[in-house]
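Numbering (the numbering used here), first residue to last: 35 to 121. For every residue, glycine included, the Cβ atom is placed at its ideal position computed from N, Cα and C. These figures come from a predicted structure and were not determined experimentally.
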Amino acid sequence: MDMLSRRAVPRNGRRTWLGRVSLGLALLSWVLPIGDIVVGAVAVGLGLVALLRTVEERIDWVAAAGAAVGFLQVLLSVMLIAADVYG
């Protein structure tokens with residue numbers, strides 16, 4: 035059986051919460067004035083763990099959104115710090 039014809043199973047157990055926590059932390063990182071890089075990085079890490087756990091499960095789009103929003107927060111924070119230091 036090849037990869038395209040295999041049926042994906044939904045996520046279950048504790049791993050279902052990783053995507054939701056990732057998105058929540060990513061959105062929280064945009065609101066927090068202090069620690070935004072750390073919270074964004076944790077959101078990216080949790081999102082990647084939720085996405086890369088197993089191949090047989092469906093893609094967790096909430097985790098993908100959390101990882102993307104967290105990555106954008108980290109990227110923006112690093113760019114603002116670099117602009118403050120160098121410019």
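field: Close Cβ partners of residue 120 (< 7 Å) along its chain, the five nearest in sequence each way excluded
entry: Indexing the sequence shown from 1 puts residue 120 at position 86. Here the set comprises nothing.
message: Are the CB atoms of residue 74 and residue 104 within a distance shorter than 8 Å?
response: Along the sequence shown, read from residue 1 onward, the residue named residue 104 stands at position 70. Along the sequence shown, read from residue 1 onward, the residue named residue 74 stands at position 40. Taking 8 Å as the Cβ cut-off, residue 104 and residue 74 qualify as a contacting pair.
- prompt: What runs of the alpha helix (DSSP H), each 4 residues or longer, lie entirely inside the segment 39-109?
  reply: Correct list: 50-65 and 70-85.
Proximity below 8 Å, CB of residue 70 to CB of residue 84: As a working mapping, residue 70 is identified with position 36 in the sequence shown. As a working mapping, residue 84 is identified with position 50 in the sequence shown. No Cβ-Cβ contact shorter than 8 Å links residue 70 with residue 84.
- prompt: Thinking just about the alpha-carbon of each residue, which of 51, 111 and 87 is nearest to the one in residue 66?
  reply: On the sequence shown, position 32 is the one that residue 66 refers to. For residue 66, the closest C-alpha among the options 51, 111 and 87 is that of 111.
- prompt: My guess is that residue 63 and residue 80 are in contact by the Cβ rule of under 8 Å, so how many angstroms apart are they, rounded?
  reply: Mapped onto the sequence shown, residue 63 falls at position 29. Mapped onto the sequence shown, residue 80 falls at position 46. In fact, because the Cβ distance is near 12 Å, the residues do not count as touching under 8 Å.
- prompt: Among residues of its own chain, excluding the 5 on either side of residue 87, which ones have a beta-carbon nearer than 7 Å to its beta-carbon?
  reply: Translated into the one-based positions of the sequence shown, residue 87 becomes position 53. Cβ-Cβ distances below 7 Å link residue 87 to 49 in the same chain, with the five nearest sequence neighbours on each side left out; the list follows chain order.
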